[in-house]
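**Student:** The structure follows.
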Amino acid sequence: MINLTLRQFRYFEALARLGHFGRAADACAISQPALSMQIKEMEETLGTPLFERAARQVRLTSFGEEFAGRVREILRAVDELEDLARASQARLVGRLRLGVIPTVAPYLLPGLIGNLTRMNADLDIHVRETVTPKLLTELHEGRLDTAIVALPVSEPAFTEVALCSEDFVLVRPRSEANLPVPTPDLLREMRLLLLEEGHCFRDQALSFCNLQSALPRELLDGSSLSTLVQMVGAGIGVTLIPEMAVAVETRSADVAVSHFPEPQPRRTIGMIWRNSSPLSKQLMQIAAVVRDTALALPGRMQPGAPLGAGPR
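Taking numbering that gives the first Met the number 0, I'd label the letters of the sequence shown as residues 0 to 311.
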């Protein structure tokens, strides 16, 4: 009879995900030798290697790949059993693993964390900031409880709740403040600064400029909205940023902000979680706090549909 422990499964999952003994040991809060010993015991119990070891990296064997999928299913089921117990309480207590996209996190999180803590001092909030594709993967695998993203994500396995919408604004050098706001056609002829590949905000800005089939004369990438705005302030080009970022990102840059005429480019911000999550009722309570926090931000934030009005 194969006798493997849940703790060993969690160690294995961390190593499979991170591909490095040191980082996996840190993630599991144990020493690297202890982690190595546990993985070795698993391989001896199973009678076959789970990993190929190299000097700087480990990778899964073919059996390890198949084994990893089953382990993730087991760990997700165990987490959902824990969530089932938490769901019996009126409000969410304990750990909340919250994912947030980078074009929302710096502007929403300071107020949101404070509001959630005041609502429930027993809430242990773990924040994961990364791009949408990674958040969706981690949500699927049960490593996140919920995520704040731009909608729609159109994933049948997820509930989507629209919280608010906001416009995209044009940021250009202050010397150009009195010039007419360029049309999308004119933007394609300008030096346009956008976030690097992987950010959904980049895709939304490209869609507004109708750049799927036509490339701009000069398109430059940045790693953050702050970098883009500072580059504009230095006279390098123009960029688009979401309304919620304006107060923070333009306060120390020599730039001008303009709104586009209708139909303005805009995005919808919402929360998503697995349809199977036992915490749906409690996550809807969290969504209400997220919505109220977002609507209190400076700018023209608009409310979404009433919460509970048919999330997908």
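Quick reminder that beta carbons are idealized off the backbone N, C-alpha and C, glycines included.
Please read all numbers here as calculations on a predicted model, not as lab measurements.
(1) Give the single residue among Leu194, Pro155 and Asp184 whose Cα lies nearest to the Cα of Ile271.
(2) Determine contact between the region 29-47 and the region 0-16, defined as no fewer than three beta-carbon pairs at a distance below 8 Å.
(3) CA-CA distance, Gly63 and Leu143?
(4) Pop quiz: Val126 and Val170 are said to be a contact at Cβ under 8 Å. What is the actual Cβ separation, rounded to whole angstroms?
(5) Would you be able to state if there are at least three C-beta pairs under 8 Å between the region 132-141 and the region 248-259?
(6) Expressed to the nearest angstrom, what Euclidean distance is found between the alpha-carbon atoms of Ile235 and Arg201?
(7) Could you spell out the range, first to last residue, of the alpha helix (DSSP H) harbouring Leu294?
(8) Tell me which same chain residues have a C-beta within less than 7 Å of the C-beta of Arg173, skipping the five on either side of it?
(9) Is the number of C-beta pairs between the region 5-16 and the region 63-81 that are closer than 8 Å three or more?
(10) Just to confirm, is the Cβ distance from Ser164 to Arg71 under 8 Å?
(11) Please state the DSSP three-state secondary structure of Ala24.
(12) Using the three-state DSSP reduction, which class does Cys199 fall into: helix, strand or coil?
(13) Do you know whose CA, among Met36, Arg94, His139 and Pro109, lies nearest Ala120's CA?
**Tutor:** In brief:
(1) Taking the Cα of Ile271 as reference, the smallest distance to any Cα among Leu194, Pro155 and Asp184 is reached at Pro155.
(2) Judged by pairs of C-beta atoms under 8 Å, the region 29-47 touches the region 0-16, as three or more such pairs exist.
(3) Cα-Cα distance, rounded: 23 Å.
(4) Not a contact, Cβ separation roughly 27 Å.
(5) Counting C-beta pairs closer than 8 Å gives fewer than three between the region 248-259 and the region 132-141, which falls short of the contact rule.
(6) Taking the straight line joining both Cα atoms gives about 18 Å.
(7) Taken as a continuous stretch (DSSP letters only), the alpha helix (DSSP H) holding Leu294 covers Ser279 to Leu294.
(8) Non-local beta-carbon contacts of Arg173 in its own chain, meaning distances under 7 Å to residues more than five positions away in sequence, involve Asp253, Val254 and Ala255 in chain order.
(9) Yes, they touch.
(10) Contact flag unset, no.
(11) Three-state DSSP puts Ala24 in a helix.
(12) Correct three-state label for Cys199: helix.
(13) Taking the Cα of Ala120 as reference, the smallest distance to any Cα among Met36, Arg94, His139 and Pro109 is reached at Arg94.
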